[in-house]
RNA sequence: GGUUGCGUAGCUCAACUGAAUAGAGCGUCUGACUACGGAUCAGAAGGCUAGGGGUUUGAAUCCCUUCGCGACCA
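Residue numbers (the working numbering): 30 to 631.
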C-alpha cells in the first residue's frame, strides 16, 4: 500500500484526539472514539463533526456546543484553517497547503503495490464453476467477472490470492450429451464441424433433451402419468446405465467422456481468454466427488452427526432455525453437501487459507448457510473465514433467461456482439483514423468488452440486475467508454503539453492557489486506498466502479471549465498536468481492478 | 405452506453502514456553444425511499406488520 505522509495520516487522528480532549475538558465526559465525516458538498469544509451525541453532556444548544469544540480545535490543531457551524454540524476547513503537500507526495506514483508482506493472509477465491455439458452463458459472465475482480481487489488490499475453479465434469447431465453424441453424432468433432467444442457438446445436450421429451410425451399419450413416463422413458434408462458404467470406470464410457470433455475445455479456454479471466488451480468434481465421507465418520464419532434407522446420516440444525440436513443416504451414497465438506477440508490442507470465497448465485444461499454452519459445528476453526459471495440473477430487457425457451444469451455470442457494437459506434464517431487494422480491432475489443464488464460490475453483486447491451456501450454516462475516454483525453493532453515543453519534471507547488474542484479531486485521490479496502471488505467491485466513475466525471467537468494549457503561470500549468496525470493513474489502476483495459488512444 | 433476499425519479443505478435539502446517468423541457479532443455546457422539471406502525435528537438504512416480485426447501 502507498504510504501517506505521516502528517496527513495523522490529521484525522489528531483532530479526533483533540476532540476527545475538548469533551473531557469542557463537559467532563470520557469518549473513546470520534469519527469525522466528509463534509457534504453543499457546505464549506473538508471534515465534519456531528455534535448531537454530546448534547446530553454539554447541556447546551447544538450550535454552542459545536462552536466550543470548534474553538478548541482551532487553537490546538495547526492545520485547521477555518470553521463554520450549521445546526449540530461542525465543519472544519483544512489548510490548502495541506492538500498540496499531500498531492506532491503521491504525484505520479502507482497506488497499488504488488509486493506482498511476508505474513499476508491467504485468500482463496472460487469462481466460474462451469458444467461441461454446455457453453457459458450470460449468468456465468457475471460470475466470472465478479470472481476475477474480487480476486484482484483482494490482491490490491494486500492479500495473497489463489483463484480456483471447480469444474463440474461428472454426473447424469454430462452423460446426456455423451449418449446423444454416441447415438446421433455420426462421429462429428469440433474440427469436422468447425464448431467450438463447448458449443458442439451443448448441441448434443439439447438434442438429448428434445428426444427425451418426445419419448415422455408419447408415453403419456398412452395413458401413463407424467412421473412414470419420465422414469420409464427408454432414454432415461439408458442414461442411468451409462452413469453406472462411468462410476464403475467402464473403459469405453470413460474414453468417450475424456474426449468430449477435452473439447469442452478447449472451448472454455477460449472463452476465458477472451473474457480476460484466469485461475491458479482447477479442481474437477470427478476427483473430488468421493471426498467427505471420512468427515462424516469423524462427525459421527464427535456426536455432531446422527444416524437414522434407515442408516442415513444427518445433522439436526433446527436449533439454528434451519432444517435437518441429510449428509449420507441410506445406501451410503453422498450428496452435494458431503462433497463440499470434503472439498473445503482438502483445500484447507493444501493452502491453509485465512479466507475462502465462493462465488455462487444467490439461489444457493441456503446451501452455503448450511455448509458453513456444519463446518463450524464440526469445530474447524477456519470455518469462520468462509464466505459466500452471493450474486443476483442477470435479466434481459425481454425478461428472464430461460434455457427451455431458448432465450439464453451465450457468452461467446454476447462478447462478439459487444465488440461489433463498439466497432460500429467507434467508426461512426471517426475515432479510428490513423489506426492500423490490427490496432482498430484491439480498440473495439477494449471498448466492447470494457463496456460489458463495467456494466455488470457497477451493480451491487447481491442485487439482481438488468442487462441492456445498447445502454452499456454509450459513450456518456456511467459507462466504461466514458471513463476510458477521459483517460485517453488526459494522455492526449500530456502528449500535447510535452510537445510544448509545458510539462516540467519537478513539481513545485509554491504560490499556487488551488481551485475548489482541484481540492475535490485531490481528496478523491486520497480516498483511493480506503476505497480499495472497503471494496475488499465488502467483496464488491461495485464500490470501485462507482468510485472511478465519480472521479472521471469530476475530472471531465474540471477539464471542461479549466484552461489547463492556457494558464500564464508556469508552475500552475505544471501542477494541473501532474494532477491530470495522477488521475489517469488512478483511473487505470481502478479499471485494472475491474479487469478492464484502458486504451492509449481512441 | 416454511425459510430467505429484494422493493429508491419514467428507466438503469448510488447513498462511505444512523446525519444536513436522498444523489448520478439515460430520457424529457429551456437556453447557450469558434478553447487542449465532447459523443458539448449551464439550468429546470421529476421522490410521502411500496404502504402502515415503532426505536432515536435524527431512519432509505435498525425492529414489527401488510402488500408486491424472486429464489430456495418440501
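C-beta: ideal position from N, C-alpha, C; glycine also.
- Residue state for residue 556 is assigned as coil, using DSSP reduced to three classes.
- For residue 543, there is no enclosing alpha helix (DSSP H), as DSSP marks it with neither H nor E.
- When 373, 296, 301 and 465 are compared, the shortest CA-CA separation from residue 319 is found for 373.
- For residue 626, no beta strand (DSSP E) encloses it, and the DSSP letter there is neither H nor E.
- A distance below 8 Å separates the beta carbons of residue 425 and residue 496.
- The alpha carbon of residue 418 has as its nearest neighbour, out of 568, 526 and 539, the alpha carbon of 568.
- Restricting attention to 389, 267, 506 and 594, the CA atom closest to the CA of residue 527 is found in 594.
- Within the stretch 419-478, complete alpha helix (DSSP H) segments of at least 4 residues are found at 440-457, given in chain order.
- Cβ neighbours of residue 186 within its own chain (closer than 7 Å, five residues either side excluded): 561, 562 and 565.
- The alpha-carbon of residue 599 is positioned some 39 Å away from that of residue 118.
- Cβ contact annotation for residue 128 (same chain, cutoff 6 Å, sequence separation greater than five): 548 and 551, in chain order.
- Rounded to the nearest whole angstrom, the C-alpha separation of residue 75 and residue 105 is 18 Å.
- Around the C-beta of residue 83, 16 or more other C-beta atoms lie within 10 Å, and the residue is accordingly described as buried.
- Within the same chain, Cβ atoms closer than 7 Å to the Cβ of residue 201 are found at 268 and 272, the five residues on either side in sequence being excluded.
- Distance from the CA of residue 125 to the CA of residue 543, rounded to the nearest whole angstrom, comes to 7 Å.
- The shortest CA-to-CA distance from residue 102 to any of 138, 85, 309 and 44 is the one to 44.
- A residue is called buried once 16 or more other Cβ atoms fall within 10 Å of its Cβ, and residue 144, having fewer, is exposed.
- By the 16-neighbour rule on beta-carbons within 10 angstroms, residue 440 is buried.
- Counting along the chain, residue 354 sits inside the beta strand (DSSP E) bounded by residues 353-357.
- For residue 308, no pairing in a beta bridge is given by DSSP.
- Per DSSP, residue 246 is one residue of the alpha helix (DSSP H) stretching across 226-250.
- In the displayed model, residue 78 falls within a strand according to three-state DSSP.
- In the structure shown, residue 631 falls within a coil segment according to DSSP collapsed to helix, strand and coil.
- In the DSSP annotation of this structure, residue 342 is not part of any alpha helix (DSSP H); the continuous beta strand (DSSP E) holding it starts and ends at 342-345.
- Where residue 195 is concerned, the enclosing beta strand (DSSP E) starts and stops at 189-196.
- In this structure, DSSP gives residue 111 an extended state, which the three-state scheme calls strand.
- In terms of Cβ geometry, residue 292 and residue 275 do not form a close pair [threshold 8 Å].
- Counting only residues of its own chain and dropping the five nearest sequence neighbours on each side, residue 259 has a CB closer than 6 Å to the CB of 245.
- Residue 394 has its alpha-carbon roughly 15 Å from the corresponding atom of residue 349.
- In the structure shown, residue 605 adopts helical secondary structure according to DSSP, grouped into three states.
- According to the DSSP assignment, residue 386 belongs to the beta strand (DSSP E) that extends over 384-390.
- Inter-segment contact for the stretch 358-376 and the stretch 316-335 is present: three or more beta-carbon pairs are separated by less than 8 Å.
- Within the model, the alpha-carbon separation for residue 155 versus residue 415 is close to 11 Å.
- By the C-beta density criterion, residue 190 is buried, having at least 16 other C-beta atoms within 10 angstroms.
- Inter-residue distance for residue 500 and residue 181 is about 26 Å (C-alpha atoms, whole angstroms).
- Taking residue 355 as reference, the option from 328, 88 and 217 with the minimal CA-CA separation is 328.
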